[in-house]
Amino acid sequence: MTGLAERFRSHVETRRLLPDDAAITVALSGGLDSTVLFHLLLEAAPRHRWSVSAGHFDHRMRTGSADDAAWVAELCERHGVPCVTGRASRVPRSEADARRLRYEFLHAACLQLGSELLATAHHADDQAETVLFRLLRGSGMRGLAGIPARRDPGVVRPLLPFWRRELEAFARERGLDHRVDPGNADPSFARNRLRGQLIPSLEARGHPRLRERLHRLAELASRASAVVEQRVMEAAVPLVLEASESRIVVARTGLLAYDTSARAHLLRALAARVAKRPGRVGTHVALAFINSCSSGRRIDLAGGLSIAREFDRFIIERRSSAPARDDVLNLPDVREGEDGLWIGGRHWRVRWSWADRGQAVPDRAAAACFAVEELRPPVTLRSWEPGDRIELPSGTRKLKKLFCDRKVPRSQRSRYPLLADRDGVLWVVGLARSRRAVPGVDVGEGRVLAVRVVRER
Numbered sequence: 001m002t003g004l005a006e007r008f009r010s011h012v013e014t015r016r017l018l019p020d021d022a023a024i025t026v027a028l029s030g031g032l033d034s035t036v037l038f039h040l041l042l043e044a045a046p047r048h049r050w051s052v053s054a055g056h057f058d059h060r061m062r063t064g065s066a067d068d069a070a071w072v073a074e075l076c077e078r079h080g081v082p083c084v085t086g087r088a089s090r091v092p093r094s095e096a097d098a099r100r101l102r103y104e105f106l107h108a109a110c111l112q113l114g115s116e117l118l119a120t121a122h123h124a125d126d127q128a129e130t131v132l133f134r135l136l137r138g139s140g141m142r143g144l145a146g147i148p149a150r151r152d153p154g155v156v157r158p159l160l161p162f163w164r165r166e167l168e169a170f171a172r173e174r175g176l177d178h179r180v181d182p183g184n185a186d187p188s189f190a191r192n193r194l195r196g197q198l199i200p201s202l203e204a205r206g207h208p209r210l211r212e213r214l215h216r217l218a219e220l221a222s223r224a225s226a227v228v229e230q231r232v233m234e235a236a237v238p239l240v241l242e243a244s245e246s247r248i249v250v251a252r253t254g255l256l257a258y259d260t261s262a263r264a265h266l267l268r269a270l271a272a273r274v275a276k277r278p279g280r281v282g283t284h285v286a287l288a289f290i291n292s293c294s295s296g297r298r299i300d301l302a303g304g305l306s307i308a309r310e311f312d313r314f315i316i317e318r319r320s321s322a323p324a325r326d327d328v329l330n331l332p333d334v335r336e337g338e339d340g341l342w343i344g345g346r347h348w349r350v351r352w353s354w355a356d357r358g359q360a361v362p363d364r365a366a367a368a369c370f371a372v373e374e375l376r377p378p379v380t381l382r383s384w385e386p387g388d389r390i391e392l393p394s395g396t397r398k399l400k401k402l403f404c405d406r407k408v409p410r411s412q413r414s415r416y417p418l419l420a421d422r423d424g425v426l427w428v429v430g431l432a433r434s435r436r437a438v439p440g441v442d443v444g445e446g447r448v449l450a451v452r453v454v455r456e457r
């Protein structure tokens, strides 16, 4: 066993990157880095009872890429390792686009292969290049932390402490063949110019340990960033009034009590719990919004994130990619019936009856009764629409005004089912009954419509 193999095993054990009995898929391009990682994992697999597989993605960005896929498939077959290969349906528009397509495929490959971990071959040189690249772009401390050793969902980088020269030495000692991507020398890519021109130039001009210092900077920034993140999350706890996987309600006065820098950290941390963490521009826009917005206003940011103010609260939530259309239920003129429908993302159970007075007394908290002679069919259960009005004992009011008076936030208004006929709204379930509602089916004479609406989920 070579020095690299021993240190690799010690590293993954100490950092607990790859637990025993894990199913691991290697992102295997066929290049030097991923080929070395593939062999290191195979050597250590018996000791840790790992199940190793591979995934290879052809980006179609150069001629000969199909040969790489065939080479990877043959390598895996020779070692008895399950392998899934994929090919881009179109040529990627950029490096970022290629990366997104690659990870989409690799995560799908993990599901197909039954792996909980995806191992990529990023090494110490990649880390140094990433830090310098972000430094030139003006990244903050989180960006200078570089490539994380772990990233959700289930991505690990076990080669980050090791330099490319160590991987090259390991490959020579073991006689490992690998593929060479000529695109890695193409100066039209910014990362290649940094790797092949800028870093060697700086090293030759008095900074021979530049890579090591950049790698060290990533470690220091990572530690500092972790401390800040911990303090931010502790500060966020008393601010959160409600929380779910897609929505967080935050106390406005509590958030605005912090200075601008702390406010930015809190916003990013809270947003990351429900959607994509906003970048520098998104954070700037979000800060400007919360500092000056009035109640009822909302802003949509990149990454599926939206922020709204509702009175003394901020709502931070993930936007639905395809909002479902609310159901509409017509109550047929039959003696009685029962049905369900979706309104405002909630499911409601509806039970109704057309009956003579005196037959039943419904649950007043969840039901309403109306004299049949007062109704103008069709009678429907639906969601709120702009312009809706309800005739209350005190006079006719727009529902918008009623919602404002009852302090119902704008984002919640579509969640109230309405019972309506051609003359207007009869009942805002859980909020108000119209003047046409009668006390109960046991009072007076004639026929009534009794409706009971209960939220199920």
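Residue numbers 1 to 457, in UniProt numbering, belong to the letters of the sequence shown in order. Glycine included, C-beta positions come from ideal geometry on N, C-alpha and C. Treat the numbers as computed from the prediction; the structure is a model and nothing was measured.
Span separating the alpha-carbon of S29 from that of R455: As a first step, residue 29 is located in the sequence shown; it is residue number 29 there, counting from the start. As a first step, residue 455 is located in the sequence shown; it is residue number 455 there, counting from the start. Taking the straight line from one Cα to the other gives about 52 Å.
Cβ pair T25, C110 closer than 7 Å: Along the sequence shown, read from residue 1 onward, the residue named residue 25 stands at position 25. Along the sequence shown, read from residue 1 onward, the residue named residue 110 stands at position 110. It is a contact, given that the beta carbons lie within the stated cut-off.
Alpha-carbon spacing of E116 relative to A257, whole angstroms: For the purposes of this step, residue 116 is taken as the residue at position 116 of the sequence shown. For the purposes of this step, residue 257 is taken as the residue at position 257 of the sequence shown. C-alpha separation (whole angstroms): 42 Å.
Check whether V232 and H265 have beta carbons under 7 Å apart: As a first step, residue 232 is located in the sequence shown; it is residue number 232 there, counting from the start. As a first step, residue 265 is located in the sequence shown; it is residue number 265 there, counting from the start. A contact, by the Cβ cut-off of 7 Å.
The beta strand (DSSP E) enclosing L381, as first and last residue numbers: Reading the sequence shown from its first residue, position 381 is the one you call residue 381. Start and end: T380 to R382.
R142 versus E234: straight-line alpha-carbon distance, rounded: Within the sequence shown, numbered from 1, the residue matching residue 142 stands at position 142. Within the sequence shown, numbered from 1, the residue matching residue 234 stands at position 234. If you take the alpha carbons of R142 and E234, they lie about 18 Å apart.
Stretch-stretch touch, CB-based, cutoff 8 Å, three pairs: the segment 158 to 176 with the segment 243 to 252: No: the two stretches stay apart, fewer than three of their Cβ pairs being nearer than 8 Å.
C110 (DSSP reduced to helix, strand or coil): Here residue 110 is taken as the residue at index 110 of the sequence shown, counted from 1. Of the three classes helix, strand and coil, the one that applies to C110 here is helix, per DSSP.
Buried or exposed (CB count within 10 angstroms, at least 16 for buried), A450: As a working note, residue 450 is residue 450 in the sequence shown. By the 10 Å Cβ count, A450 comes out buried.
Closest residue to R62 among R413, K398, R87 and G196 (Cα-Cα distance): As a first step, residue 62 is located in the sequence shown; it is residue number 62 there, counting from the start. Closest by alpha carbon: R87.
V85 - partner residues in DSSP beta bridges: Walking along the sequence shown from the start, residue 85 turns up at place 85. Correcting the residue identity first, residue 85 is Thr in this sequence and not Val. According to DSSP, which records beta bridges pairwise, T85 is partnered with H56.
Selection from S94, D181 and G279 that minimises the alpha carbon distance to S139: Numbered from 1 along the sequence shown, position 139 holds the residue referred to as residue 139. The residue among S94, D181 and G279 with its C-alpha nearest the C-alpha of S139 is G279.
D423 versus R376 - alpha carbon distance: Your numbering for residue 423 matches position 423 in the sequence shown. Your numbering for residue 376 matches position 376 in the sequence shown. Within the model, the alpha-carbon separation for D423 versus R376 is close to 7 Å.
DSSP three-state assignment for I390, whether helix, strand or coil: For the purposes of this step, residue 390 is taken as residue 390 along the sequence shown, with counting starting at 1. In the three-state reduction of the DSSP assignment, I390 falls in the strand class.
4 or more residues per run - each alpha helix (DSSP H) lying fully within the segment 151 to 201: Counting only runs of 4 or more, we get 164 to 174 and 190 to 193.
Candidates L118, D181 and R349: closest to D67 by CA position: Residue mapping note: residue 67 aligns to position 67 of the sequence shown, counting from 1. Relative to D67, the option among L118, D181 and R349 whose CA is nearest is D181.
Separation of F289 from Y416, as counted between CA atoms: As a first step, residue 416 must be located in the sequence shown, where it is residue number 416. As a first step, residue 289 must be located in the sequence shown, where it is residue number 289. Between the alpha carbons of Y416 and F289 lies a gap of roughly 28 Å.
For A27, the nearest candidate out of T120, P238 and A45 (CA to CA): Looking up residue 27 in the sequence shown gives position 27. Cα-wise, what sits closest to A27 is T120.
Enclosing alpha helix (DSSP H) for I147 [first to last residue]: Stepping through the sequence shown from its first residue, residue 147 is reached at position 147. Looking at the DSSP string, I147 is not in any alpha helix (DSSP H), and its letter there is neither H nor E.
Distance, A371 Cα to A271 Cα: Taking the sequence shown and counting its residues from 1, the one referred to as residue 271 is at position 271. Taking the sequence shown and counting its residues from 1, the one referred to as residue 371 is at position 371. Cα-Cα distance, rounded: 50 Å.
Alpha-carbon to alpha-carbon, W427 and L381: To locate residue 381, count along the sequence shown from 1; it is residue 381. To locate residue 427, count along the sequence shown from 1; it is residue 427. Straight-line Cα distance between these residues: approximately 9 Å.
Distance, L255 Cα to L239 Cα: Locating residue 239 in the sequence shown gives position 239, where the first residue counts as 1. Locating residue 255 in the sequence shown gives position 255, where the first residue counts as 1. Roughly 7 Å between the two C-alpha positions.
Candidates R93, R179 and R47, of which the one nearest E74 by Cα: Within the sequence shown, numbered from 1, the residue matching residue 74 stands at position 74. Minimum Cα distance to E74 is reached at R179.
Close Cβ partners of S10 (< 7 Å) along its chain, the five nearest in sequence each way excluded: For the purposes of this step, residue 10 is taken as residue 10 along the sequence shown, with counting starting at 1. Answer for S10: no residue qualifies.
Supposed close pair L202, L210 - CB separation, criterion 8 Å: In the sequence shown, counting from the first residue as 1, residue 202 sits at position 202. In the sequence shown, counting from the first residue as 1, residue 210 sits at position 210. Rounded, the Cβ-Cβ distance is 5 Å, consistent with contact.
Limits of the unbroken alpha helix (DSSP H) element including residue 478: Only positions 1 to 457 of the chain appear in the structure, and residue 478 is not among them; the question remains open.
Own chain, CB closer than 6 Å to S353, minus 5 neighbours either side, in chain order: Here residue 353 is taken as the residue at index 353 of the sequence shown, counted from 1. Within the same chain, S353 has close Cβ partners E336 and A450.
C-beta contact flag for A23 and G114 at 7 Å: Taking the first residue of the sequence shown as position 1, residue 23 is located at position 23. Taking the first residue of the sequence shown as position 1, residue 114 is located at position 114. Judged by beta-carbon spacing, G114 lies within the 7 Å limit of A23, meaning their Cβ atoms are closer than that value.
Residue interval of the alpha helix (DSSP H) (run including E310): Numbered from 1 along the sequence shown, position 310 holds the residue referred to as residue 310. Element bounds for E310: not the alpha helix (DSSP H) but the beta strand (DSSP E), L305 to E310.
Other residues of its chain near A218: CB distance less than 8 Å, five sequence neighbours each side excluded: Taking the sequence shown and counting its residues from 1, the one referred to as residue 218 is at position 218. Taking A218 as the centre and dropping the five residues before and after it, the same chain places the C-beta of Q127, A128, T130, V131, L144, A145, G146 and I147 closer than 8 Å to its C-beta, in chain order.
Burial state of D312 (16 or more Cβ within 10 Å): For the purposes of this step, residue 312 is taken as the residue at position 312 of the sequence shown. With fewer than 16 other Cβ atoms from the protein chains shown falling within 10 Å of its own Cβ, D312 counts as exposed.
Beta-carbon proximity check, R410 vs G304, cutoff 7 Å: Counted from its first residue, the sequence shown places residue 410 at position 410. Counted from its first residue, the sequence shown places residue 304 at position 304. In this structure, G304 does not lie closer than 7 Å to R410 by Cβ.
For L418 and E391, the rounded distance between their alpha carbons: Working through the sequence shown from its first residue, we reach residue 391 at position 391. Working through the sequence shown from its first residue, we reach residue 418 at position 418. The straight-line gap from Cα to Cα measures roughly 13 Å.
Candidates A149, V425, D259 and G3: closest to R223 by CA position: Position 223 of the sequence shown, counting from 1, holds the residue named residue 223. Nearest option by C-alpha distance: A149.
Beta-bridge partners of G337, as assigned by DSSP: Within the sequence shown, the letter at position 337 stands for residue 337. The partner list for G337 (beta bridge, DSSP) reads W352.
Contact check, R318 vs A308, beta carbons under 7 Å: As a working note, residue 318 is residue 318 in the sequence shown. As a working note, residue 308 is residue 308 in the sequence shown. For R318 and A308, no; Cβs fall outside 7 Å.
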